[in-house]
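Residue numbers (UniProt numbering), protein chains in the order written: chain A, 1 to 174; chain B, 1 to 174; chain C, 1 to 174; chain D, 1 to 174; chain E, 1 to 174; chain F, 1 to 174; chain G, 1 to 174; chain H, 1 to 174.
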């Protein structure tokens, strides 16, 4: 791996990303797409990369170790099966790391969930639900975190939540 | 419930709390003690209350609904069994909510974990490990979140993590 | 939410509902349809609403808190995943609450089941089987409850059960 | 089994029982004790018997078949392991049957829970949590059911729930 | 149920059945078909009935109680979900009872398996694998049992097993 | 292994054993003791040996292959963890084989149960409950099998079952 | 079984096999195909046979007992359900045995995994993931083992791993 | 971390280690002690270190990356909970890596097992049983691997296995 391939090369112009969305495999994109859509909906600058704990361990170390200095404020990491990416990244940064267990083929993501959530004391990963619901919620939790010092995001979140409520209420008769 | 009993009555002097640590039952304190110790170690102002989703639902609504305006920035919610507290609180605030599954008597916390982590898209709870390890990590994740706009906390976190590493390294021969 | 949207606006004429059938999402209708058909078969007046613990928490509080005074005698609540609706409703009323775990996409409803059945002492939810069988049985259990002071319903139940028996007996050779 | 041993011989004077509390084995008493205490606290007349689906199948049939005519309005049935008692009783009566999964020695009651809750459509068992919490909640759910035509019980239930709330609120600081 | 519908009316001429194959629902036939084919292959006289623990409890009692006197030597009972048939039948006879857990829709037969195998001491059910493999093996185990006093069956079993071995050996290269 | 150590050397005088009770390890004796007591109670001649699938594979082959010719009519095989003994023995004999899953240290016998019960079509093992209850039931199922051509045993079984019933009935009030 | 059918008859010319790939059923080939492809890719001589613990127990004994003397250095054994093949083979050889749990029809391979991995102390099976991923990794682990005294294989492995890394890195932007 | 603390500093004189035994925490020693005793019994030179994936990620990278050049031939890695050590080490070396799932406090090692065994295709970990049995078997599997080019070890292994057999056989009567 050379620097040219490294995470410092941004593909999107505009403001530098504050959320890094990483996943262990391209096949996880189907799960994570909803997370990225939500970040866009909230106007949160982000980057989106495949970073494999098992196939690119050294780059994972570099990505996680330099994430804070590159301006990221939250890392969303998705992985399936023996899902080591979120926990390993959390051990290499002091940023908040949110883990998304990808639904695995044989065990429905129970392996992914336990591999992500059962971290030992000292290295936290905020874990979301298995699959697409968890991916969307990882984005929403990232926005909630960023909203702590961004009043506009808070207002957007309140509007988002109000809209959710209204959508149910206006069509609640069966 | 009157306002006098409400969450606005602080028990500790000093700066207003930025982290709310709530749990469904006093018996969860054994699990959550480590979280509070870590918040103290990092000098993070916090409050600590029993808020039961099932026995004090109205107060839970009040607590969660007013948390942001009272200055909280993160809520840590612990519960066991059919653990509804973290998810319900998350539905009533836009603050980041971190869930700690308490080890339950009969199912070892599997019920607690699934009740907390399997939230539907729209209402995120960042879930930590079952039991005391998860409690400590909830505190550390809260600190990581707060460190996003608090350089001093970030420095403390880096020192904390370095110390963890050194503790292992200096005594790694068996 | 305004009163106009509230649960006091009945959509069906006829006798006031005595069973409230609520579910966390419109997508749960497929599961719950069989419950409503059985209530109709037994001529039990009922209402059927989407009430989401996570997306409409305040309305859920209103719905549950006013259920008894509006004349309901049993509430059937269905939800999937981190299924908080039945337990939260049970904490806000003294009516009998029956919970139906909806089969969830990734964990087949094991999460739904544990989130509903593992309630702490003090707040009961009578839980039925995962999915459509549980939905039908929730309706039948509601009828059994109502039959306690309604001899006609008891007779109907006995006929229902006799018919079940006959259906098997008359065609039991393979 | 002779009639003298049968369920028609009441051991307690006073009003005839309206709740039957049955369990598969004397060893289940430890679990069910809390249910009986709550029934006493609410002044609900009840009877309490060992009825084993596997060791006394004929008596189980008699007990369940005659329960309604003897004046029972709710049956609470507890069993562990391959827990067949609640479901079999439900198939032999039209009374509401509430099932309590007893924590089993090797599988912590997961077997008991699934054996009770996963009933086929047509024969409902309202299932409570595994173990002592479920036993207490079975009693409370029975009281909620009986309160449907007993205003005094409803008032008692409201007081019970208010007291639960107050107990948490008055001692909620940690 | 009248005697005319009862199990004493044989549908097949020929020798009286020695194996009773019963199942809780006609839909279990798909699973059990392989069992019946094997019994035919071994020339074992059998009968095949739907007997539902929950929908025809009284007939189940009659079927099981009279099985021995009618000449049955083994009962194979299949059921799914809260599968009470095998255990209840075993409690009402002293014949060997073999249980086949039918693959259930939501839990893949884990509920069926635990409901059948986790019988308390005193009432044995010899449980086979979930689904069609278990059905076939129930038939083979019945034949093994009958072969104890039927040398011809033993010889057939030995031939069956030899053929199984040969089938693998003659085509073992991949 | 020499013939002298082999299974043909009986340790007990009296009639030749018709039930072989084997277990993978001496530590399984605690579980199996109840099986042997019941066989004694019924006066069934038996032998009791440690036969380890993994530590004495060749002897296991000899034991199983010669069991029928030595006069055994039923084999009860107990094992824990990756419990291969019952299934392997069943593949090497045409006698009925009953499997007892021993409660394992870390997984409570779930591994033992699945390793024993999930046999492929063609090689049946009649599996009993995990642990001591399963051990006793294996003995009772063996007796039920032997009773097929032994009227005295049948009578004993009926008395045994009657006594079970009486024991519950005479002391059923709580 | 005669010697002519035995494992000494090689179907492929060329160097004698050093890896034996065996599986309990022809239907496991779909799972194991990827293992064989990888062995071919690394140029490792191998043989591939159906060896069934339950249908060909005697041949299994012969295969395993003679594997070392025939020049094999690693055995890869795949099986599903009550998967006894890997453990039994490991008990009959001192070669390293790698186990692949085949995804089973009803339990997704959880039964296969536990039956293979939970071996008692004394008889090791190196277990890989359930299904096709585990099959490929069994081949790779075999190559890693063989590379210990084969520098060329080590070089190939390093190239294999580098290529894996490059494949991810060159296409990591989403 | 400086080189002085690094893995190149051997604590034991004698031949350079060929097996590296590493574990995520000193508390894992209780589990792993049996592995080290067996390596000593077979006279296999080894080193034994705490290497934490989460608390010493950089050292883990160094340890794994340099293992082969330092002469190691097998790495045994033990970890509990979200057990990332074995898989991460396997991604950073081409040596065979054997994983031991440590029994975790709340989930009995099910989390450890799935986190270790469910590796994606490309990075193999040979996984042993949960806990002490797995630890011993990891050592035995390492010896089996080393015996491939060490005839003396093979002889020792055969003697070890013969002794296991004899121990059972000479005391097999119960």
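We treat Cβ as the ideally placed atom computed from N, Cα and C, and that holds for glycine. All values derive from a computational prediction rather than experimental measurement.
- When secondary structure is reduced to three states using DSSP, residue 101 of chain B falls in the strand class.
- Residue 131 of chain H belongs to the set of residues whose beta carbon lies under 7 Å from a beta carbon in chain F.
- A contact between stretches requires three or more CB pairs, one per stretch, nearer than 8 Å, and the segment 105-116 of chain H meets this requirement with the segment 106-114 of chain B.
- If you compare the alpha carbons of G/47, G/55 and G/83 with that of residue 72 of chain G, the shortest gap goes to G/47.
- Against chain A, the beta carbon of residue 45 of chain H has no neighbour under 8 Å; the closest one sits roughly 27 Å away.
- Taking 7 Å as the CB threshold, residue 114 of chain B lines the interface with chain C.
- Contacts with chain A at 7 Å (Cβ-Cβ) include residue 52 of chain C.
- Assignment of residue 33 of chain G by DSSP, reduced to helix, strand and coil, places it in the helix class.
- Straight-line spacing of the CA atoms in residue 88 of chain B and residue 84 of chain C works out to 8 Å.
- Under DSSP, residue 46 of chain D forms a beta bridge with D/19.
- Ranked by Cα distance from residue 65 of chain C, the options C/92, C/79, C/138 and C/82 are led by C/92.
- For the pair residue 170 of chain B and residue 44 of chain H, the Cα-to-Cα distance works out to about 26 Å.
- The closest CA to that of residue 25 of chain C, considering only C/146, C/54 and C/156, is found on C/54.
- Straight-line measurement puts the Cα of residue 80 of chain H at about 29 Å from the Cα of residue 32 of chain G.
- Remark: three or more beta-carbon pairs, one from each stretch, lie closer than 8 Å, so the segment 110-127 of chain E and the segment 131-143 of chain F are flagged as touching.
- The beta carbon of residue 103 of chain F sits closer than 6 Å to those of 109, 130 and 131, all from its chain and outside the five residues before and after it, given in chain order.
- Contact annotation, residue 76 of chain C with residue 95 of chain C: C-beta distance approximately 11 Å; criterion of less than 8 Å not satisfied.
- At a cut-off of 7 Å between beta carbons, residue 61 of chain D makes no contact with chain C.
- DSSP places residue 127 of chain H in the strand class (E or B) of the three-state scheme.
- Following the DSSP letters along the chain, one finds residue 109 of chain D in no beta strand (DSSP E), marked with neither H nor E.
- The C-beta of residue 90 of chain A has 16 or more other C-beta atoms within 10 Å across all chains shown, which makes the residue buried.
- Taking the Cα positions, residue 62 of chain C is about 14 Å away from residue 59 of chain B.
- Rounded to whole angstroms, the gap between the alpha carbons of residue 18 of chain G and residue 39 of chain G is 10 Å.
- Taking 7 Å as the cut-off, the beta carbon of residue 114 of chain G is found closer than this to the beta carbon of residue 114 of chain F.
- Residue 168 of chain A places its beta carbon less than 7 Å from that of residue 50 of chain C.
- Under the three-state reduction of DSSP, residue 121 of chain F is assigned to coil, being neither helix nor strand.
- Put simply, of D/147, D/140, D/163 and D/159 the residue whose alpha carbon is nearest the alpha carbon of residue 34 of chain D is D/140.
- At least one CB of chain F lies nearer than 7 Å to the CB of residue 73 of chain E.
- Note: residue 80 of chain A is bridge-paired with A/102 in the DSSP secondary-structure output.
- The three-state reading of DSSP puts residue 143 of chain B in helix, counting H, G and I together.
- Around the beta carbon of residue 155 of chain B, a 10 Å sphere encloses fewer than 16 other beta carbons of the protein chains shown; the residue is thus reported as exposed.
- Under DSSP, residue 75 of chain G shares a beta bridge with G/20 and G/97.
- Here residue 42 of chain A has 143, 153 and 156 as same chain residues with Cβ atoms under 7 Å from its own Cβ, once five neighbours each way along the sequence are excluded.
- Judged by their CB atoms, residue 67 of chain A and residue 23 of chain A are not nearer to each other than the 7 Å cut-off.
- One Cα belongs to residue 149 of chain H, the other to residue 166 of chain H, and the distance between them is close to 27 Å.
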